[in-house]
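Enquirer: Can you read through this structure? Questions will come right after.
In our numbering, the protein residues as written are 19 to 185.
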């Protein structure tokens, strides 16, 4: 099978491609392209050995394991809850300042309004924490390595984070 009449299809395709590249090069169609005359960049998957194709496909497709997407979502939700808690703490502090300067006849009704707002915000935050913890539990079921498990969030723990000054 070394004769031209019995040449393999891949070899014929390769020769055709090489011929087309020579034609383009001779006609100047490949001149002035970025990187002309420079060596090709190193293959980042070169050290993968037999797993080269798998690593290359995963890297170039943007595919990520489910647990990494869950971890990203958990981090974003936790940040939103802490941000909401910070805003609520600021609101409570402003309400307290307002109550201190308010005429005595309005204090009782304004305290009730503040308590209603506080109860509503705490209920919303508790619901968000419950949803966050459902994601954390799902993540911890998917991840087999216990060292990568995430802790369950608590209202008190997130409140403590919200009270710490931002860096």
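Ideal placement from N, C-alpha and C gives every residue a C-beta, glycine not left out. What you are looking at is a predicted structure, and each value in this text was computed from that prediction instead of being measured.
Please go through the same chain and pick out, in chain order, the residues whose beta-carbon is closer than 7 Å to the beta-carbon of residue 150, but skip the five residues on each side of it.
Expert: Once the five neighbours on either side are set aside, the close Cβ partners of residue 150 are 92, 95, 96, 99, 171.
Enquirer: Could you have a look at residue 47 and say whether DSSP puts it in helix, strand or coil?
Expert: Note: residue 47 maps to coil in three-state DSSP.
Enquirer: Identify which residue in 52, 88, 46, 76 has its Cα closest to the Cα of residue 152.
Expert: The shortest Cα separation from residue 152 among 52, 88, 46, 76 belongs to 88.
Enquirer: Measure the CB-CB distance between residue 63 and residue 73 and report whether it falls below 8 Å.
Expert: Contact: yes.
Enquirer: Along the chain, where does the alpha helix (DSSP H) containing residue 137 start, and where does it finish?
Expert: Note, residue 137: alpha helix (DSSP H), 122-160.
Enquirer: Residue 168 and residue 156: beta carbons closer than 8 Å?
Expert: Contact: no.
Enquirer: Check whether the Cβ atoms of residue 143 and residue 102 lie closer than 8 Å to each other.
Expert: Yes; because the gap between Cβ atoms is below 8 Å, this pair is in contact.
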